[in-house]
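Colleague: Take 8 as the starting number for the sequence shown in our numbering and just add one per residue.
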Amino acid sequence: MCIAIETYRSARQHGASDAEAQRAVKAAASFAGMRSRIAGWLDDLGVNDAVGVESATELFDEPASLHTTSLVRYPVFVGEAMANYRGTSPRPEASPLLRSLISELLIPELSGLRGALIVPMGTAVARALVSLEVPFLDRCLLGFPHPSGANGWANRQFAENRVRLRAAVAHWNRSPRTGEPARRN
């Protein structure tokens, strides 16, 4: 959150419009602190080769190459203690409110990214997309772990799913599609 606040403040102080400052925040703060882990896994799966970059870290530097979003994009608090929602309780697909947000916001957003490889990070996101029977499951890397340092199972999950994830990337790379990444081989 600090990265987002400081980036926005600096951009505005240097004459950026509100929209420009918001774009700068998204570029600087999306998955900050987790980017190297995400990029390492994506490189291991061959995504970098599929899109024609040396490393997936480059995707974070070019807004046209990477679209980041969240299953639930707004703050959600649960229980009487108003605890921060962590994506698991309640399950997104089991909550009428969360299911509605996903159906009305996320699914149309991702459906509009024709041909894009979609990387649902974590089992909760993958389970929700499968449960909602989204039309783009064939472009999803289901089984990609959530990269947070709090996920103690991430490396094990990646290792267990690596062969299947590599096959999914290879399938995506061979598939005809529109809206291809600009630097695809």
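Beta carbons: idealized from backbone N, C-alpha and C, even for Gly. As the structure is a computational prediction, the values presented were derived from the model and not from experiment.
Rounded C-beta distance between A133 and P127? I'm assuming under 8 Å.
Modeller: That belief holds up - the Cβ atoms of A133 and P127 are roughly 5 Å apart, short of 8 Å.
Colleague: In whole angstroms, give me the CA-to-CA distance for G22 and R16.
Modeller: Each residue's Cα considered, the two are about 10 Å apart.
Colleague: What number of angstroms, rounded off, separates the C-alpha of A135 from the C-alpha of W179?
Modeller: Approximately 21 Å, taken between the alpha carbons.
Colleague: Using C-beta distances below 7 Å, list every residue in its chain close to A175, excluding the 5 sequence neighbours before and after it, in chain order.
Modeller: So the qualifying residues of the chain are L148.
Colleague: Would you identify the three-state DSSP class for V79, choosing helix, strand or coil?
Modeller: Coil.
Colleague: Enumerate, from N- to C-terminal direction, the unbroken alpha helix (DSSP H) stretches of 4 or more residues contained entirely within the region 103–160.
Modeller: Here the runs fully enclosed are 103–108, 114–118 and 130–138.
Colleague: What does A90 pair with, by DSSP beta-bridge criteria?
Modeller: Answer is V85, bridged to A90.
Colleague: Between which two residues does the alpha helix (DSSP H) carrying A46 extend?
Modeller: First-last of the alpha helix (DSSP H) with A46: R42 to L52.
Colleague: For A131 versus G86, is the C-beta distance shorter than 8 Å?
Modeller: Result no, Cβ atoms of A131 and G86 do not sit closer than 8 Å.
Colleague: Can the beta-carbon of A11 be found closer than 8 Å to that of H74?
Modeller: Cβ atoms of A11 and H74: not closer than 8 Å.
Colleague: Does the distance from the CB of L120 to the CB of F151 come in under 8 Å?
Modeller: No, Cβ-Cβ distance for L120 and F151 is not below 8 Å.
Colleague: Classify R146 as buried or exposed, calling it buried when 16 or more other Cβ atoms lie within 10 Å of its own Cβ.
Modeller: Buried, by the Cβ-count rule.
Colleague: Determine the contact status of L52 and V60, defining contact as a CB-CB distance below 8 Å.
Modeller: No, these two residues do not count as a Cβ contact at 8 Å.
Colleague: Where does E74 sit, in a helix, a strand or coil, going by DSSP?
Modeller: Reading off the sequence, residue 74 comes out as His, not Glu. If DSSP states are grouped into helix, strand and coil, H74 belongs with coil.
Colleague: Which value, in whole angstroms, describes the spacing of the CA atoms of F84 and A90?
Modeller: Roughly 5 Å separates the two Cα atoms.
Colleague: Give me, in chain order, the residues of the same chain whose beta-carbon lies closer than 7 Å to that of R19; leave out the 5 immediate sequence neighbours on both sides.
Modeller: Cβ within range, chain order: A28.
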